[in-house]
Amino acid sequence: MPGLVLAALVLGSASASFVVTEGDCVVTGDCVSSPGYPEDYEAYVECTIYPTMDGWLDVAGFDLHGSYWSEYCFDHLTVNDVQYCNQHGPQGVAVTSSTEITFIADYYDGGHGGFSICLASSFTSTLPPP
């Protein structure tokens, strides 16, 4: 019986497009989201996320706390050493299974909508491909 349980866990994780190695971000099929999305996320949230295969990021929703008077991101999602915040997510960014994606919510306040990002096998951006 334990072998059957293990097989179910392996099959379930193999079909997900992301794995969360740290934190409470949520993987649902081909997408990963901040804790509680689409509800506001809390302060003191950190997640480390890896895609399970090569592809392109497709932003389904994105609202992270950033400064409106400067380029500073209080809360941010970092992909390939680039920080994303406000309503500007990593749409169309190419990733591999070794790409580390981090989400950090500052230690001041939460109260923003968070993010939902999916992994697409084809390029999904209005920008030219990398």
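If you count by our numbering, then the sequence shown holds residues 1 to 130, one letter each, in order. We put the CB at the ideal spot given by N, CA and C, even for glycine. Since the structure is predicted, the reported quantities are computational estimates derived from the model, not experimental observations.
Query - Sub-7 Å separation of valine 27 and threonine 52 beta-carbons - result: Numbered from its first residue, the sequence shown carries residue 27 at position 27. Numbered from its first residue, the sequence shown carries residue 52 at position 52. Against a cut-off of 7 Å, the Cβ pair of threonine 52 and valine 27 comes out as no contact.
Query raised in the report: Mind checking valine 32: buried by the 16 CB within 10 Å criterion, or exposed?
Result: In the sequence shown, the residue the question calls residue 32 occupies position 32. So valine 32 ends up on the buried side.
Report task. Using alpha carbons as the reference points, say which of His65, Tyr50, Ala43 and Glu42 lies closest to serine 98. Result -> Mapped onto the sequence shown, residue 98 falls at position 98. Ranking the options by Cα distance to serine 98, first place goes to Tyr50.
Requested in this report: Could you tell me the distance, in whole angstroms, from the CA atom of aspartate 81 to the CA atom of valine 95?
Outcome: To locate residue 81, count along the sequence shown from 1; it is residue 81. To locate residue 95, count along the sequence shown from 1; it is residue 95. Their Cα atoms are separated by approximately 12 Å.
**Report entry** Counterpart residues of phenylalanine 103 in DSSP-defined beta bridges
**Finding:** If you number the sequence shown from 1, residue 103 lands on position 103. Partner(s): Cys47 and Leu77.
Query raised in the report: Just to confirm, are glutamine 87 and cysteine 73 a CB contact at a threshold of 7 Å?
Result: Looking up residue 87 in the sequence shown gives position 87. Looking up residue 73 in the sequence shown gives position 73. Contact: no.
Query raised in the report: Does the Cβ of serine 34 have 16 or more other Cβ atoms within 10 Å, making it buried, or fewer, making it exposed?
Result: Taking the sequence shown and counting its residues from 1, the one referred to as residue 34 is at position 34. So serine 34 ends up on the buried side.
Report task. State the Cα-Cα distance for the pair valine 59 and cysteine 118, rounded to the nearest angstrom. Result -> On the sequence shown, position 59 is the one that residue 59 refers to. On the sequence shown, position 118 is the one that residue 118 refers to. Each residue's Cα considered, the two are about 6 Å apart.
Query raised in the report: Can you tell me whether serine 122 is buried or exposed, with buried defined as 16 or more other CB within 10 angstroms of its CB?
Result: Along the sequence shown, read from residue 1 onward, the residue named residue 122 stands at position 122. Serine 122 should be labelled exposed.
Report task. Measure how close the beta-carbons of aspartate 40 and glycine 89 come, nearest whole angstrom, since I'm counting them as under 8 Å. Result -> In the sequence shown, the residue the question calls residue 40 occupies position 40. In the sequence shown, the residue the question calls residue 89 occupies position 89. Going by Cβ atoms, the distance from aspartate 40 to glycine 89 rounds to 17 Å, so no, they are not a contact pair.
Report task. May I ask you to list the residues that DSSP assigns as paired with threonine 28? Result -> Taking the sequence shown and counting its residues from 1, the one referred to as residue 28 is at position 28. In the DSSP output, where bridge partners are listed per residue, threonine 28 has Cys31.
Requested in this report: Classify tryptophan 69 as buried or exposed, calling it buried when 16 or more other Cβ atoms lie within 10 Å of its own Cβ.
Outcome: Reading the sequence shown from its first residue, position 69 is the one you call residue 69. Label assigned to tryptophan 69: exposed.
Query raised in the report: At which residues does the beta strand (DSSP E) containing leucine 118 begin and terminate?
Result: Along the sequence shown, read from residue 1 onward, the residue named residue 118 stands at position 118. The sequence given here has cysteine at residue 118, not leucine. Where cysteine 118 is concerned, the enclosing beta strand (DSSP E) stretches over 114-120.
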